[in-house]
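Peer 1: Numbering-wise, the working numbering puts 135 at position 25 of the sequence shown, and it's gapless, one number per residue.
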Amino acid sequence: MDRGVRLPAAREHLVCGVCPSLAMELGRFDVAPRPSAESAYAREHGYRVDRTSGVPVCVHPDKVGLPPARYASEGAPLPWEGEPAGPPALPQEPGGLDDWLLAYLRSVPEPLFDRALTQAQTAAFTRFSPGVVVEAMRRVLSSGQLG
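Written out as structure tokens, the structure is:
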């Protein structure tokens with residue numbers, strides 16, 4: 111299991127200043143669905159830990175970009191050890207394609223980016239002409255908005 115992946119630099123501003131993702135590789139801490147009494151800030155570590163096990167805990171899955179799971183304490187697989195979630199419903203008009211691409215590509219962990227890009231392209235081709243899709247992808251990928 112690859113635990114050598116760090117939080118992408120483009121996401122660091124999203125997480126709390128005391129998130130274990132800023133200090134360690136993804137998978138070396140658990141991700142809880144929300145703050146709770148089961149984890150508490152440990153001043154000596156600089157982040158939250160599980161009160162029982164002492165394992166570091168992130169409590170904002172949406173900010174760290176990982177679904178809640180016991181990655182460190184139980185060895186739960188990281189999301190990119192599978193396939194990325196499929197893209198959301200396509201926009202009705204080509205004018206919405208850029209925003210759709212940005213939203214989807216920003217939502218996937220960095221190691222899954224290439225597979226997600228392929229999924230987005232394949233999905234977009236089902237509704238829009240190749241020229242429209244390629245131009246939207248060029249704009250999005252060269253915009254600097256993906257991190």
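From the three backbone atoms N, C-alpha and C, an ideal C-beta is built for every residue, glycine too.
In this text the structure is predicted, and so the values were computed from the model without any measurement.
Give me the residue from R248, P198, V165, A133 with the minimum Cα distance to E148.
Peer 2: Numbered from its first residue, the sequence shown carries residue 148 at position 38. The shortest C-alpha separation from E148 is found at V165.
Peer 1: Please classify Q229 as buried or exposed, where buried requires at least 16 neighbouring CB atoms within 10 angstroms.
Peer 2: Here residue 229 corresponds to residue number 119 of the sequence shown, with the count starting at 1. For Q229, the number of other beta carbons within 10 angstroms of its own is at least 16, and it is reported as buried.
Peer 1: For R138, which of V218, Y157, E220, L256 has the nearest alpha-carbon?
Peer 2: As a first step, residue 138 is located in the sequence shown; it is residue number 28 there, counting from the start. Residue Y157 holds the alpha-carbon nearest to the alpha-carbon of R138 among V218, Y157, E220, L256.
Peer 1: Nearest to R180 by CA position, among G196, G206, S163, is which residue?
Peer 2: As a working note, residue 180 is residue 70 in the sequence shown. Nearest of G196, G206, S163 to R180, Cα basis: S163.
Peer 1: Identify the continuous alpha helix (DSSP H) that holds A246 and give its terminal residues.
Peer 2: One-based indexing of the sequence shown puts residue 246 at position 136. Its alpha helix (DSSP H) spans residues 240-252.
Peer 1: Here's a check: name, in chain order, each residue in its chain whose Cβ is nearer than 6 Å to the Cβ of P145, leaving out the five neighbours to either side.
Peer 2: On the sequence shown, position 35 is the one that residue 145 refers to. Hits under 6 Å: V169.
Peer 1: For a test of the three-state rule: what should DSSP assign to S146, helix, strand or coil?
Peer 2: Here residue 146 is taken as the residue at index 36 of the sequence shown, counted from 1. Correct three-state label for S146: coil.
Peer 1: Which residues in the same chain as P219 place their Cβ atom closer than 6 Å to its Cβ, once the five residues preceding and following it in sequence are excluded?
Peer 2: Position 109 of the sequence shown holds residue 219. Answer for P219: G175, P189, W190, listed in chain order.
Peer 1: Around the Cβ of C130, are there at least 16 other Cβ atoms within 10 angstroms (buried) or fewer (exposed)?
Peer 2: Counting from one through the sequence shown, the residue named residue 130 turns up at place 20. What sits at residue 130 in the sequence shown is Pro, not Cys. The C-beta of P130 has 16 or more other C-beta atoms within 10 Å across all chains shown, which makes the residue buried.
Peer 1: Could you check if Y151 is buried or exposed, using at least 16 other CB atoms within 10 Å of its CB as the buried criterion?
Peer 2: If you number the sequence shown from 1, residue 151 lands on position 41. Classification for Y151: exposed.
Peer 1: How many angstroms separate the CA atom of L117 from the CA atom of V243?
Peer 2: Mapped onto the sequence shown, residue 117 falls at position 7. Mapped onto the sequence shown, residue 243 falls at position 133. Rounded to whole angstroms, L117 to V243 spans 29 Å at the Cα level.
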